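What follows is a set of notes on a single structure, which appears directly below.
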Amino acid sequence: MDSVRSPEWPVAPLGGLAGNSAAARYGVPSGAGTASGRTGEPTAPPPPYRPPAGTGGGTPTGRSPSAPPIPVKILVAGGFGVGKTTTVGAISEIAPLTTEAEMTTAGIGVDDPGARSTKTTTTVAMDFGCVTIDRSLKLYLFGTPGQARFGFMWDDLARGALGALVVVDSSRLDDCFAAIDFFEQAGLPFVVGVNAFDGRLALELGEIRWALAIGDHVPLVQFDARDRLSVRDALLVVLDRALARATRDRRA
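In the working numbering, the protein residues as written are 1 to 252.
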């Protein structure tokens, strides 16, 4: 990990700046449904993750039922304004730790969240949250900053992580290459999650895979960063990929 270069983000063009709330970010009124076809934010916690039959699910061998869950570090990464903070906040079972700062006119031409964004704050260090998968596993989520000047922090945040969810905005694919290159060079298992802004994508998943030159071995999923169940499903894909890598390395 120490030899991996931090992302070198391209200079962003001029863009609009305004409200970093989920309602403002996605253009829905407060209390409205979180995606197309939904009537509101889920109120009940999602059911616990159950491993597929035949994979040895349940309490791991040698662990007592009262043992604390195994901690697993997962990164939530991506370019500026793609929904990383929203992703961590949607799934965290604790009040997420955020390091949001107000964007100023000094950032115009440097920090561009996209022309349709109303974002006025930005992550200047990291986001942190956690979610318990079952009695034996707990995910600790670390959201990375997206701006070029904070790229040096990625090496430290990635240290000890078992996998990453790389969040992508389908209408701003140029901002996604640096994050994908970082994890390919690091050799860290990752999943590309395309955030469905306004409940839809600008491109089909197949077109996005081709445009980003993502290999078939890298999972590409669509999810909604505002929706707890949708974020959970994306993180479970990351977890499955990380566990597959760990199992393969142990057998080698």
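Glycine included, every Cβ here is placed at the ideal spot set by N, Cα and C. Predicted, not measured: the structure shown is a model, and the values here were computed from it.
**OP:** Look at Pro219 and Val237 and say whether their C-beta atoms are less than 7 Å apart.
**Re:** Locating residue 219 in the sequence shown gives position 219, where the first residue counts as 1. Locating residue 237 in the sequence shown gives position 237, where the first residue counts as 1. Cβ atoms of Pro219 and Val237: closer than 7 Å.
Original post:
Using the beta-carbon count (16 or more within 10 Å), is Asp224 buried or exposed?
Top reply: Along the sequence shown, read from residue 1 onward, the residue named residue 224 stands at position 224. When all chains shown are included, Asp224 counts as buried.
Original post:
In or out: Pro189 buried (at least 16 other Cβ within 10 Å) or exposed?
Top reply: The residue you call residue 189 lines up with position 189 of the sequence shown. Label assigned to Pro189: buried.
**OP:** In the DSSP assignment, find the beta strand (DSSP E) that holds Leu97 and state where it starts and stops.
**Re:** Here residue 97 refers to the residue found at position 97 when the sequence shown is read from its first residue. Neither: Leu97 is in no beta strand (DSSP E) and is coded neither H nor E.
Original post:
Going by C-alpha distance, which of Thr144, Cys130 and Ala246 is nearest Lys84?
Top reply: In the sequence shown, counting from the first residue as 1, residue 84 sits at position 84. Nearest of Thr144, Cys130 and Ala246 to Lys84, Cα basis: Thr144.
Original post:
For Glu93, which residues from the same chain have a beta carbon less than 8 Å from its beta carbon, with the 5 sequence-adjacent residues on both sides left out?
Top reply: Taking the first residue of the sequence shown as position 1, residue 93 is located at position 93. Contacts found: Pro45, Gly129, Cys130, Val131 and Thr132.
Original post:
If we ignore side chains and look at the alpha-carbon of each, how far apart do Gly160 and Ala90 end up?
Top reply: Within the sequence shown, numbered from 1, the residue matching residue 160 stands at position 160. Within the sequence shown, numbered from 1, the residue matching residue 90 stands at position 90. Distance between the alpha carbons of Gly160 and Ala90: 23 Å.
Original post:
Just curious, the alpha helix (DSSP H) that Gly129 is in, first and last residue?
Top reply: Translated into the one-based positions of the sequence shown, residue 129 becomes position 129. DSSP places Gly129 outside any alpha helix (DSSP H); the residue lies instead in the beta strand (DSSP E), whose first and last residues are Asp127 to Asp134.
Original post:
Gly193 and Leu239: beta carbons closer than 7 Å?
Top reply: The residue labelled residue 193 in the question sits at position 193 within the sequence shown. The residue labelled residue 239 in the question sits at position 239 within the sequence shown. Taking 7 Å as the Cβ cut-off, Gly193 and Leu239 do not qualify as a contacting pair.
Subject >> Collapsed DSSP secondary structure at Ala244 in the structure displayed >> reply: Counting from 1 along the sequence shown, the entry for residue 244 is found at position 244. Looking at Ala244 - three-state DSSP - the assignment turns out to be helix.
Original post:
Under the three-state reduction of DSSP, which class applies to Asp233: helix, strand or coil?
Top reply: Residue mapping note: residue 233 aligns to position 233 of the sequence shown, counting from 1. If DSSP states are grouped into helix, strand and coil, Asp233 belongs with the helices.
Original post:
For the beta strand (DSSP E) that contains Val88, what are its first and last residues?
Top reply: Sequence index remark: in the sequence shown, residue 88 carries index 88 (1-based). Looking at the DSSP string, Val88 is not in any beta strand (DSSP E); the run it does join, the alpha helix (DSSP H), is Lys84 to Ile91.
**OP:** Report the partner residues of Phe190 according to the DSSP bridge assignment.
**Re:** What you label residue 190 is simply residue 190 of the sequence shown in a count that begins at 1. Beta-bridge pairing links Phe190 to Ala164.
Original post:
Can you tell me whether DSSP reads Val238 as helix, strand or coil?
Top reply: Residue mapping note: residue 238 aligns to position 238 of the sequence shown, counting from 1. Three-state DSSP puts Val238 in a helix.
**OP:** Have a look at Ala158, Ala211, Leu201 and Pro68 and flag the residue whose alpha-carbon is nearest the alpha-carbon of Lys138.
**Re:** Taking the first residue of the sequence shown as position 1, residue 138 is located at position 138. Of Ala158, Ala211, Leu201 and Pro68, the smallest CA-CA separation from Lys138 is found for Pro68.
**OP:** Could you check if Ala213 is buried or exposed, using at least 16 other CB atoms within 10 Å of its CB as the buried criterion?
**Re:** In the sequence shown, the residue the question calls residue 213 occupies position 213. Exposed, by the Cβ-count rule.
Subject >> Where the alpha helix (DSSP H) through Ala158 begins and ends >> reply: Here residue 158 is taken as the residue at index 158 of the sequence shown, counted from 1. That run of the alpha helix (DSSP H) goes Trp154 to Ala158.
**OP:** Would you list the residues sitting across from Phe223 in a DSSP beta bridge?
**Re:** Residue mapping note: residue 223 aligns to position 223 of the sequence shown, counting from 1. Answer is Asn195, bridged to Phe223.
**OP:** Determine which residues share a DSSP beta bridge with Asp169 and list them.
**Re:** Walking along the sequence shown from the start, residue 169 turns up at place 169. In the DSSP output, where bridge partners are listed per residue, Asp169 has Asn195.
**OP:** Please say whether Asp127 and Thr86 have beta carbons closer to each other than 7 Å?
**Re:** As a working note, residue 86 is residue 86 in the sequence shown. As a working note, residue 127 is residue 127 in the sequence shown. No, the Cβ-Cβ distance between Thr86 and Asp127 is not below 7 Å.
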